[in-house]
Every structure is written in C-alpha cells, then in structure tokens.
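The structure appears right after this line, and notes come after that.
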Amino acid sequence: MSWEPNRLEENRLEKLARLREAGIEPYPLRSGRTHTVAAAVDLFEKLETSTPEGEAIPQETVTVTGRLVSFRDMGKSVFGHIEDGTGRIQLFARREEVGEEAHLQLRKLTDLGDFVEVTGYLVRTRTGEISVRASGWRMLAKALSPLPVIKEEQDEDGNTVRHGGFSDVEERYRQRYADLAVNPEVRETFRIRARMISALRRYMDDHDFLEVETPVLQPIYGGAAARPFTTYHNQLKQELYLRIS
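In terms of numbering that gives the first Met the number 0, the sequence shown has 76 at position 77, counting the first letter as 1, and numbering is strictly consecutive.
Structural data, given as structure tokens:
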C-alpha cells in the first residue's frame, strides 16, 4: 500500500528537503543529550535553592531532547515546549544567541511533533517557568504527519472533556502511536502496566518459577468464543490459528 501525502504532509516533506539542502541530517544517528527534562528541572531548582538571596543563579548549560509540542514565533524570539518521557520544559531562543541561520531554520523548518535537541542554560522566565535559553538546536527526527489536535474544556462538574478529530475511542485504538503521543494518561497507563509485569516477574523469579513461551500460532483454536484468525503455514502445509487468549 503506497503512501499518498496530504497537503499538510507535503508541506512537511518540503521542509525535510530544505533541511537536507542546507546540509542538515534530519534523522541523525546520535544525540548529545546531557539531561532528561526532569533532571534539568531538578538541577535548576537545586541551583536556585543553594544560591544566596541577591546573587545571580549560576548559568548551568544542559542539552535536552524531546518532541516539540508547542511553538510561538515572535520574530526575533521563539518560544516553545519540548516533552520527553519525564516531563515538559520551555525553550526560549533569541536570534542573536542561536545565530541568524539557525534561528531562521528553527522558525521555518520545524513543526509540532518534531523531535529536537536544544542546548542552552537554564533560567526562570518572568512568568515563573523554568526554561532552556537556547544557544543552539538540532533536528533529531522530522515528523512527516501532524499530530491529532485535541481541545480540552471543563464541564459544569469540573471534569475535563476532550473534543476534536481524535476523541473517538475506536480511532485511538487503531492509531495507538498517535494516542500515546497526545494523551499523557494513556502513556501513564502503559508505564503502570510495565511496572506491574516487572513486579510479577520479579516475584515469580524469586520463588523459582520458570517463564515459558507458548505458541502464538497453533493447529487447534480455543480459549474463547471469538472467531479465530486463520493463516496457512507453507512449510508445514497446514492451517494454523492465532491464539485468542
């Protein structure tokens, strides 16, 4: 099945080509990350606490990476947020600090969903938000499809109600990759599940249980009343069924 890009995806493909024309590899093999977002925030809070009142907080340079989830182009300055598996942090890039060419590329060749690397020192903005004041940035992975747009509102009971083209549960299940990217509670569910399985394995290992793998395809279906998935094994010359449970 061939991929036919829509208008938004064609625009991103054009930006991908422009990055390569500028000599920028949009999918580099390595990143120079020094801190996760959570570690960078923790570092700045410790610097803040340990600095005597009235003195300037030491400028600690970090390199963080993550998905670009918000972006505001103010001309000479750019604000945005990047998010990794540990949290979210604001980036603040000024033209005179990152360089005119790099600043223009940040403004014109990035999209929401891109994975980027940002290097700079940690500051707290006037609004009180811990940020990375960028001295440089790098593309780590150019996203070719836009993320779903979700709008959140509070109902009369104070509950969060989500609207948009990605609020349908069935569609979210069919596009789990996008669901994980835009819904933090889904990511947390996956983390909890992974920790539960890890804890169960540790318990079983400590009590000398042996973990075994059972066949995924088998000649006899069973386990539930669902209609089985059927396939044909060419080497064995027989039909096999996908296990249901």
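For glycine and all other residues, C-beta sits at the position ideal for the given N, C-alpha and C.
Enclosing beta strand (DSSP E) for Leu7 [first to last residue]
Where Leu7 is concerned, there is no enclosing beta strand (DSSP E), although the alpha helix (DSSP H) it sits in stretches over 6 to 20.
Counting pairs of Cβ atoms below 8 angstroms between the stretch 21 to 32 and the stretch 121 to 132, do you hit three or more?
no
Option nearest Asp72 by Cα separation, candidates Thr64, Leu103, Ile88, Gly53:
Leu103
Can you give me the start and stop residues for the alpha helix (DSSP H) that Leu105 sits inside?
99 to 107
Buried or exposed by the 16-neighbour rule on C-beta atoms within 10 Å, applied to Gly22:
Burial is judged here by how many other beta carbons sit within 10 angstroms of a residue's own beta carbon; Gly22 has fewer than 16 and is exposed.
List the endpoints of the continuous alpha helix (DSSP H) containing Asp83.
Element bounds for Asp83: not the alpha helix (DSSP H) but the beta strand (DSSP E), 76 to 83.
At 4 residues or longer, what runs of the alpha helix (DSSP H) sit wholly inside the stretch 112 to 187?
168 to 173, 175 to 181
So Glu238 is in the beta strand (DSSP E); what residue range does that whole segment cover?
237 to 241
Excluding the 5 residues preceding and the 5 following Phe17 in the sequence, name in chain order all residues of the same chain whose CB lies nearer than 7 angstroms to its CB.
Residue 17 is actually Arg in this sequence, not Phe. For Arg17, where only same-chain residues beyond five positions count, the Cβ hits under 7 angstroms are Leu108.
Does the Cβ of Pro25 have 16 or more other Cβ atoms within 10 Å, making it buried, or fewer, making it exposed?
buried
Euclidean distance between Cα positions of Leu239 and Thr213
C-alpha separation (whole angstroms): 14 angstroms.
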